[in-house]
Structure formats: C-alpha cells, structure tokens
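Have a look at the structure below, then the notes.
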Amino acid sequence: MIPKDIAADKMTPEEMWKAVSENDASYDGLFFYAVRSTGIYCRPSCKSKVPKRENVCFFDTAEGARTAGFRPCKRCRSDLAEYQPIREIADKAKQLLDDSFRRSCEWNRELRQLGVSKRRMAEIFKEEYGVTLSEYVGSLRLKEAKRLLSDTGEEIIDIAYSTGFGGVSSFYRFFKNETGLSPAAYRKEHCV
Ligand SMILES: [Zn+2]
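For the sequence shown, the UniProt record's numbering assigns the number 192 to the last residue and increments by one with no breaks.
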C-alpha cells in the first residue's frame, strides 16, 4: 500500500518535478510525466534527458497519459505494468539490513545501491516499518548480541565486533542503554 502522504493526489507539482529531475525511482508507479515537445510519457526514474519544466505535464496513471495522446517511452518502458512500488523498496532495504547489520557502517552504503536518495529511503522505511533505519539496525544487533551472550561462550569483545559495533565501549554503551544491564551481567543472568 502506498503511504498516504505520498499518494499521487497529495503530491504537489513541485514535488513531482523534483522527483523527475532527480530520476527518483521511489516515485515510479505513483505518477507519470509527459513531455509536450516529444509526445512521450515516462516514469519519474527515466534516465533520458531531463526535459524543460514548461514542457512537462503530470498524470496519475499511464492510461491517463495515453488518453491525452502521449506515447510510452522506449527507454523506461512506461507502458509496462511492473514498477518498484514503495513497498518493494522498503522490503529490499529491510532484507539488505537483515543481511548486513553485522558489518559496521556498510549497510548505509549498501542502501544506496537501491537507487533512492538517503533522505527518501529514510522516509520510506519509517513509513513502512514505523522505525528509523538505525533503530532497526540497532534492534537486529541487540537481538544477535543477546543470543550470542546467552547461547555461546564467545568473548564479549568478539561479540561486540561480530554484531557490527566499532568497539567494545560503544557496544557496552548501547547494550546497557537498551537492556539496563552490562553484557557480562546479561550473560550471567541468561546463561543456561
Ligand atoms: Zn522514459
């Protein structure tokens, strides 16, 4: 489902134009733009040359653009139904974090491969899952750290690194903050 605040009927022409000029794929499927001078309509992410603003008009659907006499773009295949809706991007981001949270900092870089700006990704993720990207990564790390502390005999320093913390002190700080216990105290309480 498309979050309400970015549904096409709530978007301003300025916002749509910004998405077009930035080739922002997270808007694909939410609207289409057509270029009067070429007679072609595109998805927001289309990599063809950004048209002049005064030649551009917007449509909620591909159907609308066709009805108005525009032809689909061969480059972005604006006539094809499949696109990356918001949900799909959010799911991919979540998958990526699930896979990479152990690697300190890297997840942030990997998210960029999804082709959405950092700010936009933060919005999409929060909208879909109700937590920020770093809160989500934190929850994954905490869960994994708890598991390693209670189920294994791994050294705390190793756990700190293998759960993506840059060092023991940041791990301690985070863990204490989240659980009220130091990792060692947690282990003592939960070790079987
Ligand atoms: Zn196009």
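Beta carbons: idealized from backbone N, C-alpha and C, even for Gly. If you're wondering where the values come from, they're calculated on a predicted model, not measured in any experiment.
Pop quiz: residue i and residue j are said to be a contact at Cβ under 8 Å. What is the actual Cβ separation, rounded to whole angstroms?
i: K76; j: S45; result: For clarity, residue 76 is Cys in the given sequence; the question names Lys instead. About 7 Å separates the two Cβ atoms, so the contact holds.
i: L142; j: E178; result: 5 Å
i: S182; j: F175; result: 7 Å
i: A68; j: E128; result: Not confirmed; about 32 Å, so no contact.
i: F31; j: F70; result: Contact flag wrong, Cβ pair sits at about 13 Å.
i: T163; j: R102; result: 6 Å
i: G33; j: M11; result: A small correction: the amino acid at residue 33 is Tyr; Gly does not occupy that position in the sequence shown. Incorrect: roughly 12 Å between the Cβ atoms, too far for contact.
i: R36; j: S78; result: Actually they are not in contact, since the Cβ atoms of R36 and S78 sit about 15 Å apart, beyond 8 Å.
i: W107; j: V137; result: 6 Å
i: H190; j: L149; result: 7 Å
i: K47; j: N23; result: 6 Å
i: F125; j: A93; result: 6 Å
i: S104; j: F165; result: 7 Å
Using DSSP bridges, identify the partner residues of residue i.
i: S34; result: Rather than Ser, the amino acid found at residue 34 in this sequence is Ala. DSSP output for A34 lists Y41 and C57 as bridge partner(s).
i: D28; result: F31
i: P72; result: Y41
Is it a yes or a no for the stretch 153–162 touching the stretch 110–123, going by three-plus beta-carbon pairs under 8 Å?
The stretch 153–162 is not in contact with the stretch 110–123.
Whether or not the stretch 86–99 and the stretch 61–77 are in contact is what I'm after, with contact meaning three or more pairs of Cβ atoms, one per stretch, closer than 8 Å; do they touch?
Contact between the stretch 61–77 and the stretch 86–99 is absent, because fewer than three Cβ pairs lie under 8 Å.
Hey, which residues come within less than 6 Å of ligand 1, measuring from Cβ to any heavy atom, in chain order?
Here the list is C42, C46, S48, C73, R75, C76 and S78.
Which ranges would you report for the alpha helix (DSSP H) in the UniProt domain "HTH araC/xylS-type" (91–189) if only whole runs of at least 4 residues count?
For the UniProt domain "HTH araC/xylS-type" (91–189), whole alpha helix (DSSP H) runs of length 4 or above, ordered along the chain, are 106–111, 118–129, 133–151, 156–162 and 168–179.
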